[in-house]
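These protein sequence lines map, in sequence, to chains A and B. Each residue of the first sequence is one higher than the one before, counting from 1 in the numbering used here. Each residue of the second sequence is one higher than the one before, counting from 1001 in the numbering used here. Just so it is clear, CB atoms sit at the ideal spot from N, CA and C, and this is done for glycine as well. This report concerns only the one structure given below.
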Amino acid sequence: MFLNRNFIRLGLLCLLGTTCLSTKAQEEAQDSVLSLPTTRYLTLGIGSKSVQLHDEHMSPLTYFGGALNLQLGVLKRKKKSLRNFTIDMAYTNLGPQADNREIDPKSIYFRLDLAYAQQHYVRSIINNTTRWYVGGKFKSHSNIRMNPQLDGAFVTFIFTNRLFLSNVLERELKVSGRPLTINWQLDLPVINHTIRPEYLNIYDFVNPESNWVEERVEDSEWRSIASYSNITSTISLLYPISTSNVLRFSYEWDFYRINSELKSTNATHTYLFSFLFHF
Amino acid sequence: MKSHKRNFLFVLISMIVWSCEDPFFEEDPANNPVNNFEILWNRMNDRYSFFDYKRVDWDSVYRVYRPQVNDQMSSQALFDVMQEMLNTLRDAHVNLRTDFDISYYNYYEDAPRNFRFQDVENTYLKESLRVTGFMWNGIIDSVGYIHYGSFQLPIEEQELDFVVERFKGLKGLIIDIRDNEGGDPLYGFRLARRIAKERTHIYTTVYKNGTGKDDFTAPSEAFLDINEEAKFDLPIVLLTNRVTYSAGNFFTAMLQALPDVTVVGDTTGGGGGVPLGWELPNGWYFNFSNSITYLPDGFIIEDGIPPDIQVDITDEHRLEGRDTILERALSLFSD
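So, in structure tokens, the structure goes:
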């Protein structure tokens, strides 16, 4: 409960930061002219994701790991809106921090995110140097973790569909005479629909021919922000490398916590280099 | 200069939320013998499903074993105490794994062995023995015989097609799962579907899903569905002994629910709880039963399923190479 309140305070702080920036906007602010062309890009990203995961279904220990991260997507920029579709995958082995353990447990971890975000231009702020977009984001997130233990292996997974309120602030700098765009996106969930089944064996001992998908759908539930907190913050630098293509470096911090009897807390830090191919 | 400050401010604000996660992650529990013991005892206390059924007072178990643990003891000594504590549950689905040993409750230690495949092969099957996948099968006095030694070994549908065809027109079929210590029950379903003539409720399961004594899920019924595959259209005798465990136990429950099936031999070893796993701060794993399965008549299968006809092989018969459990099964088809 204490952590929950802290989390809500943190969310409010972030919103406050955004609002403070917007109130400084000049009344006469007009659209700034983006150096990036108004067009579509195919994005191909590769990078690394560090994972920190604590799931009381599986262990009292917090697990860590670094994963190879791949991202594919389509970004459509218009003068008044941003649209972005991404598929993001990461795979790694996780393990607890070394502390004179006699066995080093390992988990296989796979994560897949599909996201579609659409933000609309609101106004220019801070002396017409920063563009503010507000919109929504849909994200389908799943992660699977398998622990090879006795008698086969055990699995936990989370599959969730979320709607976010999505804020984007974007401003431009000049580096060696060329425009560098800084983009900060902050996503806060509005509602979650989640499947998080009881801890599973690698095979169903009791009824292996049961309709697994149907059972999982029956397990699914709507969760409030309090019972499933989540925040995603992404900062990106975009640098044109030719007349139409763009290089992007981004850092994303994603955090969620499921507050049920057996809690699950997950934080990831993702560093991604992407090529944005104009098409 | 002013522009640089603003850019700095922009990045700074976007970074506010970075690295704010640490307060939300609980610290790993201390790794020392006392804490490892406490975590093991507590997790079992919260999630083990058979305390009531086995009439085990887990608090009194704590009072016996907790004083034997101290932070100066060796890993081997800690393991010995933990193993002894876990074995009070008399459950082979309760195991503790370390880098030097695995705790294991021997559920058939005092039971008559009641099986030696060499005797079945030499005295009864002789030249009729065939090995179809992992089903050792033959014909004895116009009765089909299948020995399936482990549910960890797959049974494929085409193998079942072959055996069904081979045994067509015989007087009956003996399925022998003596010494089968379990594995994946999926293969039991495959085999049982070749026997079932209609959809049958085979057993019901509840899972311990909370820390309270009575925190169990709603009952979940398991059914054996039928399909269009070729069937053994024969009366069936199932042979079991005390080594028959886990998936073997579930298979016995499954076949007991079907008409025209007789179980001969000894009570199965049990293993009616679905194992659930967890870890200790020192990295040791453990698993334990987390569910209760009972037959349609309410009988809980954890401690084994008694046969319809109890038969033990005496030492005298064993020395003669005779399998009197198999002989009793064969006699059911000659009556």
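- Within 8 Å of the CB of residue 105 (chain A), the CB atoms of chain B belong to 1279, 1283 and 1285, in sequence order along the chain.
- 1205, 1207, 1209, 1210 and 1222: these are the residues of the region 1203-1222 of chain B whose beta carbon lies less than 7 Å from some beta carbon of chain A, given in chain order.
- Taken through DSSP and simplified to helix, strand or coil, residue 1081 (chain B) comes out as helix.
- Against chain A, the CB of residue 1097 (chain B) has a partner CB under 9 Å away; the residue lies at that interface.
- No Cβ of chain B is located within less than 9 Å of the beta carbon of residue 40 (chain A).
- Look at residue 187 (chain A) here: in three-state DSSP terms it is strand.
- The beta carbon of residue 84 (chain A) sits closer than 6 Å to the beta carbons of 75 and 117 from its chain, once the five residues preceding and following it are set aside; these are given in chain order.
- Taking the Cβ atoms as the reference, residue 1258 (chain B) lies roughly 6 Å from residue 1200 (chain B), within the contact range of under 8 Å.
- Collapsing the DSSP output to three states places residue 145 (chain A) in a strand.
- Residue 1029 (chain B) sits away from residue 1242 (chain B), with the two beta carbons spaced by 9 Å or more.
- Judged by pairs of C-beta atoms under 8 Å, the region 1121-1139 of chain B does not touch the region 1100-1112 of chain B, as fewer than three such pairs exist.
- Around the beta carbon of residue 1192 (chain B), 16 or more other beta carbons sit within 10 angstroms, so the residue counts as buried.
- Note that the C-beta distance between residue 182 (chain A) and residue 142 (chain A) is not below 9 Å.
- In the displayed model, residue 1105 (chain B) falls within coil according to three-state DSSP, outside both helix and strand.
- Shown here for residue 1249 (chain B): same chain residues with a beta carbon closer than 8 Å to its own, the five before and five after excluded, namely 1182, 1268, 1269, 1270, 1271, 1272, 1301, 1304 and 1305 in chain order.
- In this structure, DSSP gives residue 1152 (chain B) a state outside helix and strand, which the three-state scheme calls coil.
- According to DSSP, residue pairing for residue 51 (chain A) in a beta bridge involves A:65 and A:268.
- Contacts with chain A (Cβ-Cβ distance below 7 Å) from the region 1021-1048 of chain B involve 1021, 1023, 1024, 1025, 1026, 1028, 1029, 1031 and 1039, listed in chain order.
- For residue 1275 (chain B), the closest Cβ of chain A is nearer than 9 Å.
- When DSSP states are grouped into helix, strand and coil, residue 1043 (chain B) belongs to the helix group.
- Using a CB distance cut-off of 9 Å, residue 1247 (chain B) counts as an interface residue toward chain A.
- Put simply, of A:156, A:190, A:136 and A:180 the residue whose alpha carbon is nearest the alpha carbon of residue 168 (chain A) is A:136.
- According to DSSP, residue 172 (chain A) shares a beta bridge with A:181.
- In this structure residue 1099 (chain B) is exposed. Its beta-carbon is surrounded by fewer than 16 other beta-carbon atoms within 10 angstroms.
- Within the same chain, Cβ atoms closer than 6 Å to the Cβ of residue 258 (chain A) are found at 228 and 264, the five residues on either side in sequence being excluded.
- In the structure shown, residue 1325 (chain B) falls within a helical segment according to DSSP collapsed to helix, strand and coil.
- From the listed residues B:1082, B:1323 and B:1227, the smallest Cα separation to residue 1315 (chain B) is found for B:1323.
- When Cβ-Cβ separations below 9 Å define contact, residue 1293 (chain B) makes contact with chain A.
- Between residue 274 (chain A) and chain B, the shortest Cβ-Cβ separation is not below 9 Å.
- For residue 1289 (chain B), the secondary structure class from DSSP, reduced to helix, strand or coil, is strand.
- Of all residues in the region 51-63 of chain A, only 52, 54, 58, 59, 60, 61 and 62 place a beta-carbon less than 8 Å from a beta-carbon of chain B.
- The DSSP assignment places complete beta strand (DSSP E) segments of no fewer than 3 residues inside the region 1172-1245 of chain B at 1172-1176, 1200-1207, 1220-1224 and 1236-1240, in order along the chain.
- Separation of residue 61 (chain A) and residue 1027 (chain B) (C-alpha to C-alpha, rounded to the nearest whole angstrom) is 8 Å.
- Per the C-alpha coordinates, the member of B:1074, B:1023 and B:1240 positioned closest to residue 1180 (chain B) is B:1240.
- Put simply, the CB of residue 201 (chain A) is near chain B, with a gap under 9 Å to one of its CB atoms.
- The Cβ of residue 267 (chain A) sits closer than 9 Å to at least one Cβ of chain B.
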